[in-house]
Amino acid sequence: MFGVPALLLGLAEGAFRLAGYGHPTSFFVASPHHEGALIENRKFAWRFLPPTLARASQPTLIRREKAPGTIRVFVFGESAVEGDPEPAFGMPRLLEVLLEGRFPGRDFEVVNAAVTAINSHAILPIARECAGLDGDFWVLYIGHNEVMGPFGAGTVFGQKTPPLAALRLGLGLKQLRLGQWIASLINSTEGADGTKWKGMGMFLDQQLRATDPQLNWVYASYKKNLLDILAAGRRAGVRILISSAASNLRDSAPFASLDAGKSESAVGQFQMARSLDLAGKTGEARRHYIRARDLDALRFRADSKLNAITQALGQAESDSGTYIDAQAALDEQSPSGIAGRETFYEHVHFTFEGNHRLATLFAKGIALQLASGGDKPGGPWLTADECAVRLAYTDWDRAVVLASIIRRLQQPPFNHRFNSDEALGQLQAESQLVAKRLDRSAALAVYDNALKVRPNDWRMQQRRGLLLSSAGRHNEGVDSLKRAVQATSWSRILHYQLGAMQNKARQFDDAAVSLGRALELQPDFPEAAAELARANAGIQYRLGEKEKADGNTAGALGHYTRATQLDAGFAEAHFQIGVCRVETGRIAEATASFERAVALKPNLP
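The C-terminal residue of the sequence shown carries number 736 in our numbering, and the numbering is unbroken.
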């Protein structure tokens, strides 16, 4: 009965694959450069989000077969545990360093399998795939994106709250090239393909009451997905650590508040909590802070019901799992007894110290499991400062991260919060203090010492290169970034960063190669295209210099003109056009070129 449709489906699928249409949907794909190894699939999230909105996971290289004696840990979740705003100093990196310090001589491999903007609907297939990759531990930190992420009640990414069975069927069909073709037709009809990421401000109209019946679908689907994730872990024989998703309760007011002016509104509860907090009534204040979070109409933070599901299912995994109440633990570690800006930059993303606190919770859970199996610790738990030295987290890095967060807090919905000015002012004051004490030479020494211990750490080489470039030492920065690119040759971001830095170093031919590679890996990459235009402009400028040195003013003028056509902001090229025009007696035009050059770069030598 089903033979003919199945045959037709198979033929159609085969035709699409033969034509090269579509893309793999697994989380990892085979590395084209390392036999027996896997790298991240940057198109994985396309099943759940429009391609223009989907984010890739962090550059990752793992062996299919784990090295003997290695403890492999997979970390699952969203942007908070991925390491936003800077994954080089995110929880997974700190977790690895903490375990290495506690168990010297043991090899730990912490795989960052978290991805920005996804939720449990996408984490489930990631977990099922990782179940076949010989992990020893799974770390689950999930929940913040259940409402606003894919298919949630407050999403802007497409369909909201579909029947779970139909949703899973649709996601399964997208694994087929035929299914991808059908999805692309639907997206183009609905205009989803052209939607660009505009930050969390895209969600301003997606406000929901805590009593909205659509949230019941969110809770039910989260519970089902989490049950299936835990079942996949049990079948794989891994030990699971699962945590509540913690929030900045004290210093991040609700993003949106319905029923303004009423005490039972989100802002009303936050104001009440602040008053109780100032009065020293910490326990009462905490209850009202939690209520303010739960009433927040823009539900970017896991609420009490989502965390209760996590707790119930986590505690039921007593044989193979450990439940960690991160919110309670982080509150307890806060000087005020309620987690705030000492732990979080904004609503959910961690400071370096916050990442250290969270990583320590998971590391201690793993250590207990290892100790029960006979692995005895041989070292102390590293402090946040000691981890900062090992990962080369310097004042320069802190300044860069603070600058990115300050920009974020000046955009919606962050600048809509009741305490927006206060939160922004605190970060700006901290940024000014860091800027005053910043010593790039000292920061570079920290990097060089850290690389002696972790010579193959590509992230450290990457950030060392960026540090050197920020100090105007572009050629040295290029050398460092090249080492990072060699280790992550499939990363479009690293090729782009290298090309941009080669432009600054005036290595235009090399920059064109690097940026061309970035665009091969991701054709829709406007930043790389702009830098490639600058590289080609630089090449034309060099040709102009050669022609001018040979006495060919007309030829030089042609190259300088092409340089400005490629890069209208190329001040030196405008200046040289002026020089050429003076030599040919075109004084008025020369004056205009000089004025343009000086307008672009007032300190032009």
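Note that the Cβ used here is the ideal one computed from N, Cα and C, for glycine as well.
If we call anything under 8 Å between Cβ atoms a contact, is residue i one with residue j?
i	j	result
A694	G675	yes
L522	V212	no
P294	F282	no
L255	D359	yes
R548	F386	yes
D588	F234	no
Y627	A643	no
E720	T684	no
A168	R195	yes
Q592	S611	yes
L429	F545	no
D641	Q653	no
L271	A494	no
A367	Q458	no
R614	F656	no
F639	G669	yes
E395	L407	no
I455	S435	no
R308	R148	yes
L492	A460	yes
Y672	A636	no
A284	K291	yes
With DSSP as the reference, identify every bridge partner of residue i, one or two as the case may be.
i	result
R203	E240
G452	I371
F481	F475
G208	Y272
I170	V160 and L192
Work out the CA separation of residue j and residue i for me, nearest whole Å.
i	j	result
E260	T191	15 Å
G280	T286	5 Å
M222	T441	19 Å
G496	F288	36 Å
A687	K677	8 Å
Q464	A253	32 Å
A498	P508	8 Å
N318	L346	25 Å
P736	A702	11 Å
F475	N379	6 Å
L184	K412	43 Å
R186	S210	10 Å
W328	Y578	34 Å
L316	A566	50 Å
E121	C711	What the structure shows of the chain is the stretch from 132 to 736, and residue 121 is not part of that stretch, so it cannot be assessed.
L629	Y524	21 Å
L426	A661	44 Å
E484	E473	7 Å
N486	A150	46 Å
G153	Q400	49 Å
D570	L558	20 Å
M132	L444	Because the pLDDT of M132 is 49, which lies under 50, any placement of that residue in the model is unreliable, and the number read from its coordinates should be weighed accordingly. Roughly 42 Å separates the two Cα atoms.
S383	N550	7 Å
F158	S374	23 Å
K393	A631	52 Å
S451	K354	18 Å
W527	A574	7 Å
D238	H605	35 Å
A301	I313	In the sequence as displayed, the identity of residue 301 is Gly instead of Ala. Rounded to whole angstroms, G301 to I313 spans 11 Å at the Cα level.
R594	I371	32 Å
Y364	K197	Residue identity differs from the one stated: residue 364 is Gly in this sequence, not Tyr. Those two C-alpha atoms are separated by around 17 Å.
Do residue i and the ligand NAP come close, with the Cβ less than 7 Å from some heavy atom?
i	result
R186	The ligand content of the structure shown is nil, which means the ligand NAP is not present either.
So residue i is in the alpha helix (DSSP H); what residue range does that whole segment cover?
i	result
R405	A397 to L409
R259	S251 to C261
V565	S551 to R568
I440	S435 to A447
L533	D526 to L540
D506	Neither: D506 is in no alpha helix (DSSP H) and is coded neither H nor E.
P223	M222 to R233
M632	R623 to K635
Tell me the residue span of the beta strand (DSSP E) that contains residue i.
i	result
I373	R370 to S374
F268	F268 to Y272
R194	L192 to R194
F159	F159 to A161
With a floor of 4 residues, list each alpha helix (DSSP H) that falls wholly inside the region 581–617, ordered by position along the chain.
589–601
Output the residue ranges of the alpha helix (DSSP H) runs that lie fully inside the region 278–318 and measure 4 residues or longer, sorted by chain position.
295–304
In chain order, each alpha helix (DSSP H) run of at least 4 residues that lies wholly inside the region 678–732
684–697, 702–714 and 718–731
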